[in-house]
Each structure stands twice: as structure tokens, then as C-alpha cells.
Amino acid sequence: MESLIGGLVAAPLLGAAVLLTGGRRLDRSGHWLGTALAGLSFVFAAVLFFDMLGKDAEERTLTSHLFSWVPVEGFQADVAFQLDQLSMTFVLLVTSVGSLIHLYSVGYMAHDERRRRFFGYLNLFMGAMLLLVLADNYLLLYVGWEGVGLASFLLIGFWQHKPSAATAAKKAFIVNRVGDVGLAIAIFLMFTTFGSFAFSAVLDEQVAAGAGQATLTGIGLMLLLAACGKSAQVPLQSWLGDAMEGPTPVSALIHAATMVTAGVYLVVRSADIFNLTPDAQLVVTIVGAASLLFGAFVACAKDDIKKSLAGSTMSQIGYMMLAAGLGPIGYVFAIMHLVTHGFFKAGLFLGAGSVMHAMNDEVDMRRYGALRRHMPVTFVTFGLAYLAIIGFPGLSGFFSKDEIIYAAFAKGGTQGWILGGVTLLGAALTAYYMTRMMLLTFFGEKRWQPDAAGREPHPHEAPRVMTIPMIVLAVGSVGAGAYFSLGERFAHWLEPVTGLGHEEAPLSHGMVSLAATAVMLIGVAGAWAQYGRRPVPLVAPAGRWVTRAARRDLLQDDFNHAVLVRPGNYLTRGLVYVDHKLVDGVVNGTAAAFGGLSGRLRRVQNGFARSYAVSMFGGAAVLVAATLLMRAV
Amino acid sequence: MSFPLLTATAVAPALGAVVTAAVPSARRTAAKWTALAFSLITVGLAAAVLIRFEPGGDRYQLTESHSWIADFGVRYELGVDGIAVAMVALTAVIVPFLIGAGWNDADHAQDAPAARRWRPTQGFFALILMVEAMVVMSFMATDVFLFYIFFEAMLIPLYFLIGGFGDRAGEHPESEQAKQRSYAAVKFLLYNLAGGLVMLAAVIGLYVVAADDLAGGGTFSLQTLVEARASGELTFAESTERWLFLGFFFAFAIKAPLWPVHTWLPNAMGESTAPVAVLITAVVDKVGTFAMLRFCLGLFPEASVWATPVVLVLALVSIVYGALLALGQRDMKRLIAYASISHFGFIILGIFAMTSQGQSGATLYMINHGVATAALMLVAGFLISRRGSRLIGDYGGVQKTAPLLAGTFLVAGLATLSLPGTGPFVSEFLVLVGTFSRYPVAGIVACTGIVLAALYVLILYQRTMTGPVTEAAGKMRDLRPRELAVVTPLIALLIFLGVFPKPLTDIVNPAVNHTMSDVGKTDPAPAELEARK
Amino acid sequence: MSPENYLYLSALLFTIGACGVLIRRNAIVVFMCIELMLNAANLALVAFSRMHGNLDGQIAAFFVMVVAAAEVVVGLAIIVMLYRSRHSASVDDASLMKL
Amino acid sequence: MSSDVSSLVTLAQTEPVFPEIQWAALSPTLIVLGAATLGILVEAFVPRRARYATQLVLSVLALAAAFSAVIVLAVGDYGTSEALIAGAGAIAVDGPALFLQGVLALVALVSVFLFAERRLDPAEHGRPVDSFAAQPAALPGGPAEQQAVRAGWMTTDVFPLLLFATGGMMIFPAANDLLVLFIALEVLSLPLYMLCALARRRRLLSQEAAVKYFLLGAFASAFLLFGIALLYGYAGSLGYARIAAVIGGTPPELDPALAATMGNDALLLIGGAMVLMGLLFKVGAVPFHMWTPDVYQGAPTPVTGFMAAATKVAAFGALLRLLYVVLPGLRWDWEPVLWGVAILSMVAGAVIAITQTDVKRLLAYSSIAHSGFILAGVIAVSPDGVSSALFYLAAYSFVTLGAFAVVTLVRDPQGEATHLSKWAGLGRRSPLLAGVFALFLLAFAGIPLTSGFAGKFAVFRAAADAGAMGLVVVGVAASAIAAFFYVRVIVLMFFSDPQPGGPSVVIPSPLTVSVVGLAAVVTLVLGIAPQYFLDLAGQAGVFVQQAAATAR
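Residue numbers (numbering that gives the first Met the number 0), protein chains in the order written: chain L, 0 to 632; chain A, 0 to 532; chain U, 0 to 98; chain H, 0 to 551.
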């Protein structure tokens, strides 16, 4: 069984290697090869899953040591895997959603001449993501962490000929790099504190308790920084919106369902450290809450369907992060929301992709409208995912989100009320922006516009290879929450890894559900009032400053530009000047000084023999005087 | 007497240089193949060294020792430890690629009317081999004087390579270009010569002290000196040791190059052809960092510890400063040069962190940086040769017309920014961990280098390779088979070193342990373990 | 008369000679000043010889005279040659080479 | 000599004793001087047509024989255990003397080849010409000269002149008596003054060089002589051994009557300083260096080469003997002064050379800087110091000869193209020649694997060993500055494009080729495998001190 873990990672990586180096020979069959290997990975995952189910809860962890990677005095890094319930959850999510999206891409990218490479990158992503969740130490996790970043970079910038795509790709990578530094420093701290960074050595409450509080908080905050980068949480959120430049399947897989949730994985994985450092936990919840609102605001204002969904993703991950920051009570639900979100958000993106596909790649929702009749399958699957995300009772989002809201209230005291309030406000906003999206896209009047080339859109349903994944995901969106929640099945599944907390909130479960449903309805109603009843203008009205700011992603880029980019530019330009004029100037100046000195001194050699004689005479005099003086002293 | 394998490894390229230079003017293709053949023979010999070397064995192996200039106490002493073996292997491996990459670089000079007697092509390859021979020699020398000789002598062929075979592509007209080129060559030579002369004073000082203390009279034998130090037979006055250390370190810092004596590198790399630029940064400069490890730490451990704070600060400045300046460059070769300065900062940081991880990391870094820069610079050279401009702004959209070129450029760039899975990641991480465990603040400051590296590499990639296809890129040819043959193995090597560096660490670790015990330092124990005690 | 006085004279002559070399322009005169310096040295030698009571100094003086004569031969030849091609015996005129 | 001569005079009344002259030990010098005299006779009696060949053969044979004699003496351990003071105390035959005489004989031999080169310029009036004027006394280009050329008057008398100078130089470092020192100085100087004036081209410069050299040289020798007189006054003797003994406070027999005049320190110090100054003039140390650039530039290049190489060897030899044998007791007095001179020479030589535009002047300033480097070894006052200076001199003299030999080959229609701008691109036209010149420049700069490095290392090591680390540091700094202008020339030759109408490189006769070749080989051999020669110099590192060591 253990060797299957290696196969799980190897299959997509092999696919990536073959597809990226195989050359044009594979242009015609490469996408199927990629999809098959992703599917193979899913099969391995399923086998492992059922094998795991057959064991006792406490004995489910599998480890597999492949080889010693970097053995240096006192520093042992191995390539070794650990498969426990938490990783299993991710493995299943990644391989299943990943395989579906591979399939979807076969249709979506059918006309792209670089399709083979696209599948190579997708496979690379899957391999790296699996490496990330299967690693048994933080360094190997780091490899996967940056690996998914690379894949993300490659896929966002897949249409490299568009400057915007290339810029977005670069931005994503660099912002992520900032987060990666956090992970790196966390690993340094672990190494200097525990002499190791293997999960088995570090993630042990007793061991961790031996370290000082400050160290633990430091590790926690650095891990959080890493998570912020990868999961687009405040303050490293700015790349996600731009990342939508990538092809839509990429947005669905990487920037909605899997990669961006790696931050949550990291926090939950490091539960044993966070549990010991309330300060870091508090910061995690704050970051989660801030991102939750930030994303939701942005999502409300965007007219670009994908960017609005991106805001939504950020907001939903904010939920997860907030939950993860709450400690054992929240871990399980963070992961649960992560899984359900993986289904419905992937479904939403695929739906959006389908719509764009039909509308000549138009992304402005104000130019959609009345698409429900033309694209029934898309409409239904999108609609189900919509109901799931807004937390319609009985669907996936309802279960996972309500648990998070409950856990937030359970934090207790003022903090509990604030966090609970934020989560409820988030729920209302979610309902608002999703309803708005639904109305603008599928209802109302046709507002279709010819594209830049003057072609009128002729919307049509997507081919089956695209609709099947959408349908499967819709089923997940509808059923997963209920399935997981029944008898706290999911909680018990994860409990051996994350632990489970039971704390009483000031509000009962029922009251929370009621409140959540109520605010959801308010949100829906608000959107209906604004977009359902009235015709939608083709060009967005100017709006108030809040709206304008939200449209500009709450000025995040302006802020970064003013605080980082522009001073950075001045700094580099200044340094180039300094290097040239000062550092090099000293060198050249020395040379020039000697040249000048030389020019002066050579004038002494004036050609007159008598002045030479003077020099000699003077020299002799000095010689004599000095000798005498030397004796006198 | 056994076969002098080390001597043979150095003699092979030297012989190759002579033979290549002797090839008649008209048969320049023969000259190229001759040079390649000799460089491959050198690879074979280096491989033999690698095979004969036993990682767990004596500190210096395959030693050769003959009297040379008895009057100066100079012996012809060669020997390799794990670090030297790795560096010799790097040098031997890189050079054939340089020859392959520079296959036609000198031909244009030969087409000039006055050049028939000059034979630039023959000269170009002969000089490259000559540099190789001298670099290999300086890695293997275990006699300070012998080392010094080759440390200095290698400047001369390099000087001719920089000044005589410049990059034709530049922002200036040809005459201005020639001026820039000779400025770069002169600056390179004088800078390094000045460093070398300062070192000469220190070498002499070392001899004088040794002559006073040692029963056997003055000597330059590294082993003898280190042993005498350990046994207390040889003692330095505190200030003497510091001065001597500074003399050595200054020379190595210039060669490495360390801020603020780095300014020759961008000029030299910018103006020379890509293979020569690689030769400088990937191979020759490594002698500087290598020598810090072997001579500064080995001979003057106490002074090294004394100087550590300052050196660390300089290394950190190099890291950040080099990266920021790389960001500010318009010329892609200068950009790579500044990036190298940043990377050399990491190497020196690792050496002077005085931890096993740091020093192992620094050694690996030397190897990895050599390979990564070689890949990046050579691909950049291929790109430049197509358009005839070094300016980043002159390119755009290359990936559309030359996807292989763009792809290899990207992979090399990613290796340069230390992406996990490539060799540089392993070494950079080790350096950072090693630094952090003793100097947390330094480790964190160095981390900014990680982010900045991503910036300058990706901006370079974005500006040249992506975006709409520019006129320049429109007719661009993708990599030729020769070029592909040069780049592919380098990239494969980078990935191999990233995924399975164990063979290398196994060789390097014992040598690092020796160095650590020379310096008398042990790794800091994990805080949690300490607390438990 | 004390022989020391001859020494003072010799020092005086030497100084006069040296100053002459520095001051005079005509190559012949400069040369004569140098001869004066040589002869000052001769005088000193002889005076010391007398003081020490051995003959070394006096013999040396003879040698110096011979050498000085040889010097005159060479010197005059060179100066005359210079005069021929420049029509000037001024030392200062011979200043083509400088810097 | 003189002290014994005087005793001879006083003793003559009782019994006639003839001083024993060790002819064999003096043979190298005697051979050269004899050949020089013979050369004069050749000028007088051999037909004009045969003179060139006769003189050439004579000179070569004489110098070769002198060199062989040196070898024979050295093999006979005259350099070490059998060292003696020959000629009744006048001339030392010891390690340094033999070593330097050997070097001088070789340098002169090689210089003869340069003197004899007759293929550089096109023949005039059907007769091959060399670097020297047919009739230097005649007006340049005037009818008298034309006639002289047509008549085939060749200046074959340069060979005896060279031999005389060489003879003087060979005595100079061996002189063990101040009077001999002075005579040797004049014997070596006078022919050189004349040789300087003999250039066939650029006669005005040549004459100017001769006048300057002559006047300043005579001026310096006057100082030297006065210094000798003062030292005589101090010690009552001209012999080195006796003076050293008086300085050391252990005169063998002290006449109480003389106590008043002897041992007057002022005489000693002033005299010593003035003698020192005379020798420093010859080695071209700052501030007595100012003749060097002008003379080097103006003299015919073969003469410059000979002068630069040989004079420096001879003068340093004499300086070493004086400081080590006569004045070691005064070490604390002269050492600081020489420190100053050495530092000034190194720095000023290197700095001023930076802006030079003429190859010969550049080499002149370079030689000034090198004087400073050698002085650093001299100051060490140890056998190592002596042997390092000897080695340096040997290495330096051949590099210098080679460099000037190359200069004779780079010509344009006006003769030698010594202006640096004309050397642009030489490396592309004549890579081999430029390469060899670059080798010489690198040796000057002290790059490893050349003789210059070995020499510099030896000298600096000796200085450091003697505690003069400060001098080493200055020397290193000066080397760095000096590297600048050597490199500048290399840049010019290799990295500049050739100028149209620039100079061409003449294909010389085997004579010059052998000079350049030999110099290059010596440069490399002394750089790569210097051990044998270091041993030689090491064995030659001890001066014979006392007359007591005289062979009985």
C-alpha cells in the first residue's frame, strides 16, 4: 500500500515530464494522456482510501520513506510521505476535482494550439499539490508549496502573448514568494528549536510545549504568512483577482478548489503548534475575518464574472481560515468547508467557463443576461452550486458554513460576538453577490454585445466532455454537506489528526442556522431589489466611493504600488546610480587620481639638466642631513 | 609512484590549449574539435578523480608532493578534499558546454582582414582551456604559494578573453563598444591584480611567521601549517593573524566578488561573450569563495571568527544590493552579473555562518550556481546572438516564435531563483538554515534575497519572452541542435542536483566537518533539546 | 698651518663647484665646475693623507687626476659634438626630452 | 690596493715585497679589458671591411671566455669557501662578485648581438647599417656624414667601448677599495657616455642624452669622490676592510697620534651619505633618477638595453658590497634613509609611468620603480637580502634586454616607433612579437610564472623577514599601480585596432632573434623553475669580509 503513495505523486509528475518534453508528437494525444494519468492518480487515491477505511481510526496513518534527500550534518531532509486522514481528504479532493477538470479542459482547450503544454502544466500542478499534502516534513511540503506556485505561475500566464496574463502570473508568483519566505523562516525556527522539521518530530504537543512561547508564536505567525500568500488572505491577497487571467479550468482547479486552500491545510496541519499559541491563533482568526469581508466586498462590486468569483473564493477561504484559527473546535469545519467549497466553487467556475465559452470569451456580466434558456445544463449546475454557496438549507454550504458561524460564536466573550457577527455579515454578502451574479448572467434581458472582432455571440450549450464534470460537481455541491454532517461523520474521520473541540456558544445550533438563513435571505432580497427588478445598465453606474473602491479591489494595488512598488523603483534606480557613481566612482576615482598625480609629477621632469642637478643636490643634502639627524636623535 | 592523476587533470587542458593554438589558421573547425576533445578528456580525468576519491578517507587524497622552489619553502603539493573534488568536477563539466556554446563566437573576428596571423578562433578556445587548467590547478593546490601562483596567473588568459573577444551586441556603436570592452578587461585585471598583490603581502607575511615558528623552516604547505597550528607549534600574534587574514580575504572578496569590491563583474560579464561570462562567474569566481573556505578558515580560524560579523554584514549587503541592482538593469547580461553578486553573497554568508549546514550549503551553492548561471547565461547568449542586442527592452514575445529557447530560459531562470526541485534550492536553503541557526537576524535579512530573486528573474522573463510578438522576435529561430545539446544537459543536471543531491553531500560533508574542526566551532544545539537538558 | 684649513678650503671649493653646476648654463663652464669639485676632493684627499701620515690619499689623488683627464676627453668631445649640431653650448638648450 | 701600496712605499726601504696578484681569480675582468684593448688595436690596424666581423667575433669570444672564467672560478668554490680578496686587497673574488660578473658577461654578450644587428634599416649606399652613426661628430645629415656613410665608415668601435664598459662594470661590484670603486665607476661610465651619443637616427636626442648623462654622471661622481675623501679622512684608509674595522671600533692597530682625526663621526656620516648618493645615482633611485628617462629615451636602443640591464646590475652590486661590508656598523643610520629612497623610487616610478607616452621612457620609469623594489631587498641586511637582490638583478636584466630588443624591431620610416600610440593593434599584426613583449611586461609587473614574480617574491620575502613589512606593503601597492601601465600597453597592443600607416615589425637577423628568444626563455625559466638559480644566488649571498680571508 505504501508504495501506492509514491505512485499517487509520480503519475501526474510523469505525465508532466512526458508532455513537456515530448515534443509535437504528443500534440494529438497528449491531453488524453494527461487526463488518464490524473485519473490513475484518482484510482490510486480511491484504493488507498478504501484501504484506510478498513483500518482502525488510530492506525490509519501510512508512511512511505523513499530516499534520503539532503543529508547534511545535523540536518536530515528526506523524501518521505505520510498519508493520514487529513492528507487523504485532500488527496481525494485534488485527484477527483483535478481529474474532472482535466476532462473539462479537453473540451475547453480543444482549439488551443498549445493544449499539450496546458495539460503538462495541469499534471505538474497535481503532482506538486499531492506532494504538498503528502509530505511528511515541512521541507518537502515547501517543495510542493513552491511547486504549486510554479504551476500556478505557468497556468495563469498560459496565454503569455497577453501582457496582462504575463503580468498577473509574475505577480502571483512574487506575492506567493513573500509568503514562502514565511514558511522558510518557520522551518528555520523549527530547525533551530527542535533540530528537525519532520511532522513526527515537531507536531507533538509535548515536544512543542518544550519550546518557548515566543518561538511558538513566531513559528505560528510565519506559517500564517505562508498561508496568507498561498490562500490569498489579507495582506497578501492582491494576486488572486489578477490570476483570473488564466484559462477558466485553471481558475476552477487551482484558484478555487485546491491550491488556494493549501494555506488552510498548512494551518490545520500545524494544529499542534497553533494550539499552544493563542496569540498566533487570534491573528489567524483576524486574518480570516478580514479576508472574509474583503473578498465579499470585492465580489459584490466586480462586473467581471471571474473576478467576482475570485473575491468570493477569498471570502470563503476567509471562513476556513477563521475556523482554523479557532482551534480544535474549528479545524474539522474548516476542512469540511474547504471540501464543500472545492465542489461548489469548482462548479461555479466551470459554469462561468462554459458561459464565457458560449459568449466569445466575454467576462463582463453586464453583457450577459437571459442565458438560462440557451444553456440549460450550465444553468442548472451553476444554480445548484449557487444555492450551495449561499448556504441554502440542506445543501453543502449550509452545513459547513453554519458550523463555522457557530464555532465563531463559541469563541466566547466579545471576540466571539465580533467573529460571529462578521461571519453572519459575510453570509449576507455572499448571498448578495451570488444572487447578483445569477441574475445578471441567467436572468433578465439579453445584453449581448459583439466582441472586439465584431462577432455576435451565439450562446450554445457546452459539449458533453465539459458538462459531465459540471454535473458531477453539482452533485457534490448538493450532497456533500449533508453526507459529511450526518452523524458528524466528517468530524470523526478527521478527529485523530486534528482533534475535536466542543464548546458551547451563547447561541444554540438552531438559532445560528436560523440567523444564517435569515441573513442569506436578506442578501438575496437585496440583490433582487437591485438587479432583478430593474433593467441592468450596460455600463456600470459610477457609484459611491465604497463601490468604486471595491471595484478597485479596495485599493489594494494602489496601496501596494504606493508603498512597495514605487519606493522600490526609486530605490533600485537610486542604487544603480550609487553603484555607478559612488562605489564604482571610488574605484575609477582612484585610478583618475593616480593619473592626475602622475600628470603633475611628470612635469617635474622638465628637460633641463640643471634642474635635474638641483634634484640630485637636494637629494644629497637631504641624505646627508637625514643621516646626521638620525645619529643626533 | 602511482599515476599523478591530479596533475594529469590540470595538464590535459593546458596541453589542449597548446595543441589548439597550434592548429593552422585555415582549419578553425579542427581547432574547435580539438578543444572540445581535450575538454572532454579533462572531464574523463575529473571523473576518475571523483571515482578514486573516498568520501570517508583521509582529508586530502590523491596527494602529490614534490619539492619545487625549496628556497621559498614552496612545494608542488596537490591534493583534494571533498570540496575540491566537487569544484574540479564542476569546472571540468562546465567547460565543454562553454566550448559548445561559444562554437562560433570567435569566428567573426577571424573574418576580419587583419586577423589571419592572429587566429582568433584558435586563440579563443586555447585561452578557455588555459583558464580551465589554471582554475583546476588552484582548486587542487594544497600549497599556499602554488595556489597563489595560479590564482594570479589565471587572470592573464581571462583578460585576453574579455578584452579580445567581446560581445558584439551592445547599446553602443562598435568603436564605443571596443572602448567599453577594453575598459572592462582592464578593470577586471587591475581589480584582481590589486587584490592578488595584497594577498602577496599576506603570503609573504605568512611565510615569515611560519619560518620563525616551525622547526622545518618556512613552508607554504597547507597541511603542515594547519597541523602546526593545531599542535600549537605555529602561533600567530593576534594582530598578525588578523592582518594576514585580511590580506587573503581581500583578494578572495574581490574575486568572489563581495560588495563593495564587486564593480568589475558587471563590466566584465557584460562586455564578454556569454561563454566567457560564464567562465568568469561560474568557474573562476568560485576560486575566491573556495579559497575563503580552504585558506581563510583553515589557516586563520581565530581571525575568521573575529571578522565574521563584518563579513556577514557585507555578505548581506551583497545579497540585497546585488538583487536590487539586478532589478535596475536594462542589459540582461549585467542583470545576470548582479544576480551573481547576490548569489555570491549567499555563498559567503554560508561560509562564515560557521555551521555545517551553512558550509555544506555554500559548497553546494558554488556547484549549483555554476550550473544554473551557466544555463541562464548561455541561453541569454543564444538569445542575444539572434537579435544582436543585450537590452531587455529590445525583446518581447520570444516564446511564441522560439518556445524551446523561452522554455529553457525559464527553467534556467527558475533555477536561478532557487525553485525547489532544482539544485540551487537545496543549497540556498542549507545556507539560510545554517545562517539562521547561529544568526537569526542575518538569516531573515537574507530571505529578502529570495523574493528579490523571483522579481528580477521573472521580470526578465516577462519582458523578453512574453507579451505580443515584437518585430525582433518575429523572425527568431528556435534553438539549434548544437545549442540544445549545450543547454539540455545543464538543465538535467540542475534538476538532478535538486532532486538527489546526496552523492554530492556525501562527498562534501566530511570536508566540511574538517573545516568546522579547523575553526573550532560546533553547530548550535536545538534550543528545545538544550532546554530539556 | 694646520692641515684642517685645507679641508675647509676643499669644502669651499666643492661647494663653489656644485653651485656652479647648478647655476651656469654653458656646458663647458658646468664641466669646469665639476672639475673643480673633483679637485676639491683631491685637495681633501691630500690633506687627509697628511693628517693620517700615510700616502694612500696622495696616491689616490694621482689616480683621480688621470681619471679626470680621461673625463675631460670624453666630456669635451660630447660637448663639442653638441655645439656642432646646435651652435650652442647652453645646457638649457638641450631640453628636447622632458615630461 | 692603495693601503698596501702605501705600506709598500714605506717598507721599500727595508726589503722589497711585491704584492701578490691572483691573476687567475681576476681573469674574467682581465679578459674583457684585454679584449677591449685589443679591439682598439683592431680599429687601428685591421682593414675596414673585416673590422665588423673581427670586432664581433672578438667581443663575443671575450665575453664568452669571461663567462667561462667566472664559471670555472665558481666551480672552484671561489664563490664560497675559497673566496678571497685579490689584487692586494683591491678586488674581492667572492660569491656576489662572481655571480654578478657572470650575469654581466652574459648581458654584455647578448648586448653585443643587439649592437651588431644590421638588418633593421634598409641599407644606405649599398652598405648595411646598424643603430650607430657612421661619424657621430659630423653634423647629422651633413655632407661629412654622407661621405662617411658612403665610405663605409662603420662605428665598429662601439664594440671595444662596450667591452670597456663591461670591464668597468665587472670591477664595480667586486671593488674592495674606494679608489678602485671610483676608477671602476669611471671606466664603466665614460664609454657609456659616448655610446649614448652615437644614435644614427634622432641624433639631437641622442646627443642631448649624452650631454645630460655625462654632466649629471660627472656631477654624481664628484659627490662620490668627495665622499671617498671624507671616508678616507675618517678611517685613514681606502680599503673596505679597514674602514669597516674602524667603524666597528676594532681597528687592528691604532696610532694614538691619529686618534684626533680618526673616528670623527661627522666625516663618516657625511662621507658615507655622499658615496651612497653616487651609487644611488647609478641605480637610478629617486631623487637621483632624473637622468634616467631622458637618457633611456635618447640613447640608441641597443645601448639603452645594455645600459639599463648592466649598469643596474653593476651599481647594485657595488651598493650591496658597500652597505654590507663597509657600512654594516652604520646600519641604523642608513637604513631609514634607504627606506625613504626605496619608497620614493617605487611610488614615484610607478606613478609617473602611468602617463608616459613613449615606450622607452615608460621602461625608464619602470626601471626606477624596480630600483625601489631591489632596494627593498638590499635593506633586509641578511644573506637572504643579498641573494634575493642578486636573483632579482639577474631576472630583471634579461627582461629589460628583451624588452628593449623588441623596441628596436617596431619601426616606421622614421626609425623606431617608440610613441605608444603607434603600438596600437600590434598584437593583431604581429601576435608573436606582441606576445613576447606582453610576456616581458607581465614579468615587469610581477605576474606569477614569470621571472619578475619570483624576483619580487624573493625580495619582498627577504624584506619581510627582516621586519620591513611596511616596505613590502608599499611595494605591493606600487606594484598594483605599476600593473596599470603595463596593462595599458598590453591593451593597446591587443585590444586596439591597428592604425593605418602604423609601424611594421622588421624581420631581424638571428642576432636579435636570439636576444629576444633568450630573454623570453630566461624569463619563463626563472619564473617556472627558479630553484636552481635561487640556489646559485643563495650560495652567492655572502660577501667576503676581511682581508684575513685572503688566500695565502
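No residue lacks a Cβ here, since even glycine has one placed at the ideal position from N, Cα and C.
Quiz item: Buried or exposed: which applies to A/PHE2, given that a residue is buried once 16 or more other Cβ atoms fall within 10 Å of its Cβ?
Solution: exposed
Quiz item: Going along the chain, which residues of its own chain have a beta-carbon closer than 6 angstroms to the beta-carbon of L/LEU92, five neighbours each way excluded?
Solution: VAL338 and GLY341
Quiz prompt | Residue closest to L/ARG27, alpha-carbon to alpha-carbon, out of L/PRO70, L/GLN75 and L/ARG115 | solution = L/ARG115
Exercise. Output yes or no for whether 7 angstroms exceeds the beta carbon distance between L/LEU215 and L/LEU265.
Key: Cβ distance not < 7 angstroms, so L/LEU215 and L/LEU265 don't count as in contact.
Quiz item: What residue from L/TYR530, L/TYR611 and L/TYR432 has the CA that sits closest to U/ALA17's CA?
Solution: Nearest Cα to U/ALA17 within the set L/TYR530, L/TYR611 and L/TYR432: L/TYR611.
Quiz item: Would you call A/TRP242 buried or exposed, if buried means 16 or more other Cβ atoms sit within 10 Å of its Cβ?
Solution: buried
Practice problem: Determine contact between the stretch 354–367 of chain L and the stretch 303–314 of chain L, defined as no fewer than three beta-carbon pairs at a distance below 8 angstroms. | Solution: The count of Cβ pairs closer than 8 angstroms, one atom from the stretch 354–367 of chain L and one from the stretch 303–314 of chain L, reaches three, so the stretches are in contact.
Quiz item: Are the C-beta of A/GLU151 and some C-beta of chain H separated by less than 7 angstroms?
Solution: yes
Practice problem: Leaving aside the five residues before and after A/ALA11 along the sequence, list all residues of the same chain whose C-beta is less than 7 angstroms from its C-beta, in chain order. | Solution: Close CB contacts of A/ALA11 within its chain, under the 7 angstroms cut and outside five residues either way in sequence, are with PHE37, ILE40, THR41 and LEU44 (chain order).
Quiz item: Nearest chain A C-beta to H/VAL458 closer than 7 angstroms, yes or no?
Solution: No, H/VAL458 does not count as interfacial toward chain A.
Quiz item: Is there at least one Cβ from chain L nearer than 7 angstroms to U/VAL20's Cβ?
Solution: yes
Self-check item: Contacts that A/ARG180 makes with chain H (C-beta to C-beta distance below 9 angstroms)
Solution: PHE494
Quiz prompt | Residue-level contact to chain U via CB, L/PHE593, 7 angstroms cutoff | solution = no
Quiz item: Are the stretch 16–30 of chain H and the stretch 88–103 of chain H in contact at 8 angstroms, needing three or more beta carbon pairs?
Solution: yes
Quiz prompt | Cα-Cα separation, L/ALA625 to H/THR53 | solution = 52 angstroms
Quiz item: Can you list, in chain order, the stretches of the alpha helix (DSSP H) that have 4 or more residues and sit fully within the stretch 296–354 of chain L?
Solution: 304–324
Quiz prompt | Spatial neighbours of A/PHE146 in its chain, beta-carbon cut-off 6 angstroms, leaving aside the 5 residues before and after | solution = SER137 and ALA140
Exercise. Compare the C-beta of H/VAL4 with all C-beta atoms of chain L and state if any pair is closer than 7 angstroms.
Key: Interpretation of H/VAL4 is limited by its pLDDT of 49, a score under 50 that renders its predicted location unreliable; the figure taken from the coordinates is listed afterwards. Chain L, which has no Cβ nearer than 7 angstroms to the Cβ of H/VAL4, makes this no.
Quiz item: Between L/LEU349 and L/GLY317, which are expected to be in contact by the criterion C-beta below 8 angstroms, what is the C-beta distance as a whole number of angstroms?
Solution: Contact doesn't hold; Cβ gap of about 23 angstroms is too wide.
Quiz prompt | Distance, U/VAL90 Cα to H/MET273 Cα | solution = 25 angstroms
Quiz item: For chain U, is any of its Cβ atoms less than 7 angstroms away from the one on L/ALA624?
Solution: no
Quiz prompt | Nearest-angstrom beta carbon gap, L/VAL90 and L/LEU129 [assumed within contact, 8 angstroms] | solution = 6 angstroms
Quiz prompt | For L/ASP363, the three-state DSSP class (helix, strand or coil) | solution = DSSP, read as helix, strand or coil, puts L/ASP363 in strand.
Self-check item: Backbone CA spacing between U/LYS97 and H/ALA402 [nearest angstrom]
Solution: 22 angstroms
Quiz item: How is the alpha helix (DSSP H) around H/ASP411 delimited, first residue to last?
Solution: No alpha helix (DSSP H) holds H/ASP411; the beta strand (DSSP E) holding it covers 409–411.
Quiz item: Closest by CA to A/VAL275, which one among A/ALA105, A/GLY360 and A/LEU404?
Solution: Among A/ALA105, A/GLY360 and A/LEU404, the Cα nearest to that of A/VAL275 is on A/ALA105.
Self-check item: Same chain only: Cβ atoms within 6 angstroms of L/PHE74, ignoring 5 sequence neighbours per side
Solution: none
Quiz item: Taking any Cβ of chain H, which residues in the stretch 187–208 of chain A have a Cβ under 7 angstroms from it, in chain order?
Solution: Residues passing the 7 angstroms Cβ filter: LEU188, LEU189, LEU192, ALA193, LEU196, VAL197, LEU199, ALA200, ILE203, GLY204, TYR206 and VAL207.
Quiz item: Which first and last residues belong to the alpha helix (DSSP H) in which H/ALA82 is found?
Solution: For H/ALA82, there is no enclosing alpha helix (DSSP H), as DSSP marks it with neither H nor E.
Exercise. Under 8 angstroms by Cβ, that's how I've got L/ALA333 and L/ALA322 pegged, so tell me the actual separation to the nearest angstrom.
Key: 4 angstroms
Self-check item: Endpoints, the beta strand (DSSP E) within which A/GLY78 is located
Solution: 73–79
Quiz item: Using the rule of at least 16 other Cβ atoms within 10 Å of the residue's Cβ for burial, across every protein chain shown, is L/GLU204 buried or exposed?
Solution: With fewer than 16 other Cβ atoms from the protein chains shown falling within 10 Å of its own Cβ, L/GLU204 counts as exposed.
Exercise. Using three-state DSSP, classify L/TRP68 as helix, strand or coil.
Key: strand
Practice problem: Determine, using beta-carbon pairs with one atom in the stretch 492–504 of chain H and one in the stretch 411–426 of chain H, whether at least three such pairs fall under 8 angstroms. | Solution: yes
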